[in-house]
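Remarks on the structure that follows.
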Amino acid sequence: MTQEEISVPRRPSQHSNVAQLLRCPIIKFIGHIMSYLTFILLIAVATFRLDKDDEEVENPDQWKVRAHQIWSYDFRSQFFGECKQVYHYGLRDYFRSYYNIMDWASVSLYLGAFALRIFVDLRVQATEKIFNYQLKYALTLLQNASSIMSDGRDIFDANMEADPQHNYVAYRNQLLSNHTAYWLRGCRLWWAPDDPEYISDCLFALANVLSFARVSYLMPAWELLGPLQISLARMINDIIRFMALFFLMLIAFVVGLTNLYWYFSRMIVSVDTKNVAPSTTYATVRYASTVPAFRR
Numbered sequence: 566m567t568q569e570e571i572s573v574p575r576r577p578s579q580h581s582n583v584a585q586l587l588r589c590p591i592i593k594f595i596g597h598i599m600s601y602l603t604f605i606l607l608i609a610v611a612t613f614r615l616d617k618d619d620e621e622v623e624n625p626d627q628w629k630v631r632a633h634q635i636w637s638y639d640f641r642s643q644f645f646g647e648c649k650q651v652y653h654y655g656l657r658d659y660f661r662s663y664y665n666i667m668d669w670a671s672v673s674l675y676l677g678a679f680a681l682r683i684f685v686d687l688r689v690q691a692t693e694k695i696f697n698y699q700l701k702y703a704l705t706l707l708q709n710a711s712s713i714m715s716d717g718r719d720i721f722d723a724n725m726e727a728d729p730q731h732n733y734v735a736y737r738n739q740l741l742s743n744h745t746a747y748w749l750r751g752c753r754l755w756w757a758p759d760d761p762e763y764i765s766d767c768l769f770a771l772a773n774v775l776s777f778a779r780v781s782y783l784m785p786a787w788e789l790l791g792p793l794q795i796s797l798a799r800m801i802n803d804i805i806r807f808m809a810l811f812f813l814m815l816i817a818f819v820v821g822l823t824n825l826y827w828y829f830s831r832m833i834v835s836v837d838t839k840n841v842a843p844s845t846t847y848a849t850v851r852y853a854s855t856v857p858a859f860r861r
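If you read the sequence shown in the numbering used here, its first letter stands for residue 566, the second for the next number, and so on.
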């Protein structure tokens, strides 16, 4: 719950003690911190429970619904809070802050991820309706093969034997091989690389990264990490210049070593380590030591 939701009950009494307390900057700051930490905690809990089995949890659907409701409520409050700031400060002044840009980027990524997941759910539901209707027709053929087989014969292969079970399996496989049956595949190994669910997961992951990186905005308020973060931010320009000089020297050494050893890079040395006796190796080394070319 953000400061906007907290301040709703005090609006009828603008001059009460509770209203003055909620207007205090430290109370607003604490409210925003608690809201954002709750939001981050819900993201962490949802992330690290992906590998849990729902059968081990009592009433998994109920817990999922509650978690999604709390998370979506916090996300909506964050979205409307950002819209309120844009309306209050204006687009030009609002986007001058790096953290405001980060907030809107994370909100946009979350909205894109939710839109893709809703699109996938709609496609799956539509495909299930079509598939169930066609599968019911195939079951009807299977159960009433004696009376309906002659009327529905054209949907099967004419060369097939008059076996209802074989015809039902063939018809079901034909439905599953259709392009519309793609949305019924639950295993991710069979999904296309550009599947909307994959894109949604990527957007959601990027939004989570930005949400956790947003915590750095609160660090200057801490006396231990605040000065360190400010010093590091001022050192970034010097670090970038140092890395530019470092990569320049590295490229220079790479070019120099390439000029020295370019000929030897074409030589392929193969060592046969199979069926080599120790006595043979010792004899070869002893013979090579007698050759003047191998002496120092």
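Don't be surprised by glycine CBs; every beta carbon is placed ideally from N, CA and C.
Residue burial is scored here from C-beta neighbours: W755 has fewer than 16 other C-beta atoms within 10 angstroms and is therefore classed as exposed. Look at the beta carbons and you see the stretch 747 to 763 not touching the stretch 641 to 654: under three pairs across the two are nearer than 8 Å. Contact between I666 and V780 is ruled out by a C-beta separation of about 16 Å, above the 8 Å threshold. The straight-line gap separating the alpha-carbon atoms of Y702 and D668 is approximately 52 Å. By the Cβ neighbour-count rule, N582 is exposed, with fewer than 16 other Cβ atoms within 10 Å of its own. Here G646 carries a helix assignment [DSSP, helix/strand/coil]. A distance below 7 Å separates the beta carbons of A670 and L775.
Secondary structure of P758 (DSSP, three-state): coil. For the pair F684 and Y601, the Cα-to-Cα distance works out to about 28 Å. A Cβ-Cβ separation of about 5 Å places W748 in contact with R688 under the 8 Å criterion. Counting the other Cβ atoms within 10 Å of the Cβ of N773 gives 16 or more, which makes it buried. Judged by DSSP secondary structure, G791 falls within the alpha helix (DSSP H) whose first and last residues are G791 to Y826. Using a Cβ distance threshold of 7 Å, Y659 and V672 do not count as a contacting pair.
Counting only the Cα atoms, I804 lies some 34 Å from T612.
Scanning the stretch 634 to 699 for uninterrupted alpha helix (DSSP H) segments of 4 residues or longer gives 656 to 659, listed from N- to C-terminal end. M784: not part of any alpha helix (DSSP H); DSSP gives it neither H nor E.
Rounded to whole angstroms, the separation of the alpha carbons of I592 and I598 is 10 Å.
Pairing T705 with N697, the inter-Cα distance amounts to about 12 Å. Around the Cβ of S765, a 10 Å sphere holds 16 or more other Cβ atoms; the residue is buried.
Put simply, of A746, M814, A809 and L586 the residue whose alpha carbon is nearest the alpha carbon of E693 is A746. Shown here, G596 sits in a helix according to DSSP, grouped into three states. For W787 and A678, the gap between their C-alpha atoms comes out near 33 Å.
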